[in-house]
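Residue numbers (our numbering): -13 to 350. Even for Gly, the Cβ is constructed at its ideal location relative to N, Cα and C.
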Ligand code: MN
Ligand code: MN
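The structure is reproduced here in structure tokens:
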């Protein structure tokens, strides 16, 4: 078994859990290297203390699972089979009596949970996420090198976007240019819906790009990322189109100072909450505290938002191998918003930013 499966398996032994049933695409990918979106169909992975694991997937996916390197049992099923019956048959052949089962409680639907309780009527259920989140939080060398590459594509996306800005062009026009250029470089999927916002629309942290056109004196905000070999990047830059007001400039400089201070504070042993607090106090001292309406960042990896959550109350200490974003923002409804976001990796004695697009105010 690979190291990740072994780590999960040892955890089961340590906690006296019979087995784990993992059902989300990201966690199955993390443990097996097999990435598939099964839509409404069942995807699952049984991991045991001392038995070989079992993968459950649609018949039509078996070839892909083998290609991804899965060498253990696969329970394949067609659209007319009942996969739960096939699971029951397979487990009874192995003589496994499940007394405690670790599940992804955050992912599993009630319908599936009902199927599972029918299958294991005398079992108790615990969370598998507790362990999976912790494992995934610390990236190995291979993951770091993929995340570094993914970040370079994010930088490139912003570069294309800044170049594409022009008077009268719409947000969606610029957005399409960014994604078209990334696709030409082999990027199939973005980490989330690309954001290009202009004018006062930048004041919505999760605004929706539309046909609004770019005008002189606008702030233009880009938030985007790519998926590369199953891993996400996530960058935000805000630039000025033509001369902006003193107030807009003050908002920009405050966010930049907060972002640089938080980036600078990242190193092993520092409490996550203190990173958030560092940026928040700079923004509050400048009088914009009420306009910084979200946490400083989030873990980044197979999911674009994963552990650790970079919020003020998180007492977790930063450790080598953690990858996360630092993205303070100030959103003033009548002026607009500024957010600056980098992806970070904690190293043995400090931290590095993976995204490298310049942060000094660009006036286009
Ligand atoms: Mn982010
Ligand atoms: Mn972002």
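- Here residue 240 is near residue 269, since their CB atoms are less than 8 Å apart.
- In this structure, residue 288 lies near residue 217, with their beta-carbon atoms less than 8 Å apart.
- With a cutoff of 7 Å, residue 222 counts as near ligand 2, since its C-beta is closer than that to a heavy atom of the ligand.
- Counting the other Cβ atoms within 10 Å of the Cβ of residue 25 gives fewer than 16, which makes it exposed.
- Not one heavy atom of ligand 2 is found less than 7 Å from the C-beta of residue 100.
- The C-beta separation of residue 323 from residue 185 comes to about 10 Å, leaving the pair out of contact by the 8 Å criterion.
- If you draw a 10 Å sphere on the C-beta of residue 319, you find fewer than 16 other C-beta atoms in it, and that means exposed.
- Beta-bridge pairing by DSSP links residue 113 to 89.
- As the crow flies, the alpha-carbon of residue 104 is around 11 Å from that of residue 71.
- For residue 142, the enclosing alpha helix (DSSP H) has its first and last residue at 127 to 150.
- Short of 7 Å from the beta carbon of residue -10, and not among the five residues preceding or following it, lie these beta carbons of its own chain, in chain order: 16, 17 and 121.
- Taking the CA atoms as reference points, residue 183 sits about 48 Å from residue 34.
- A buried status is given to residue 115, since no fewer than 16 other beta-carbon atoms sit within 10 Å of its beta-carbon.
- Per DSSP, reduced to three states, the secondary structure at residue 159 is helical.
- For residue 289, the shortest C-beta to heavy atom distance toward ligand 2 is 7 Å or greater.
- In the DSSP secondary-structure assignment, residue 59 is bridged to 40.
- In this structure, the alpha-carbon of residue 243 lies about 15 Å from that of residue 233.
- The shortest CA-to-CA distance from residue 27 to any of 279, 214 and 9 is the one to 9.
- Straight across, the Cα-Cα distance linking residue 326 with residue 345 is about 8 Å.
- At a threshold of 7 Å, residue 327 counts as near ligand 1, since its beta carbon sits closer than that to one of the ligand's heavy atoms.
- Collapsing the DSSP output to three states places residue 21 in coil.
- With contact defined as three or more Cβ pairs closer than 8 Å, the stretch 95 to 109 and the stretch 47 to 57 are not in contact.
- C-alpha of residue 168 to C-alpha of residue 152: approximately 20 Å in a straight line.
- With a cut-off of 7 Å, the C-beta of residue 250 is classified as distant from ligand 2, since no heavy atom of the ligand falls inside that distance.
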